[in-house]
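A.B. asks: One structure is given below, represented as structure tokens, and several questions about it will come after.
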Amino acid sequence: MPLTLTFTILGVTIFLFMTNRVRADLVAVMALLAF
């Protein structure tokens, strides 16, 4: 479980970074994953 969550966060982070998204979007995603 924790390992999967780590890979998910890593994948989303890389995806947002490559698509040149705003850093606020990453914060929103992290907040959603926290729930």
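So the sequence shown is numbered by the working numbering: it starts at -2 and just counts up by one.
Ideal placement from N, C-alpha and C gives every residue a C-beta, glycine not left out.
Predicted model, so just to flag it, every value in this text is computed and none were measured.
#1: Cα separation between P(-1) and L30?
#2: Just the C-alpha distance for F12 and R20, rounded to the nearest angstrom, thanks.
#3: What is the C-beta distance between V9 and V24, in whole angstroms, given that I count them as a contact (C-beta under 8 Å)?
#4: According to DSSP, is T10 part of a helix, a strand, or is it coil?
C.D. replies: On the basis of the coordinates in this document:
#1: As a position in the sequence shown, residue -1 is number 2, starting the count at 1. As a position in the sequence shown, residue 30 is number 33, starting the count at 1. Going from the Cα of P(-1) to the Cα of L30 covers about 12 Å.
#2: By 1-based counting over the sequence shown, the position of residue 12 is 15. By 1-based counting over the sequence shown, the position of residue 20 is 23. Each residue's Cα considered, the two are about 12 Å apart.
#3: Position 12 of the sequence shown, counting from 1, holds the residue named residue 9. Position 27 of the sequence shown, counting from 1, holds the residue named residue 24. In fact, because the Cβ distance is near 12 Å, the residues do not count as touching under 8 Å.
#4: Residue 10 sits at position 13 when you count from the first residue of the sequence shown. Of the three classes helix, strand and coil, the one that applies to T10 here is helix, per DSSP.
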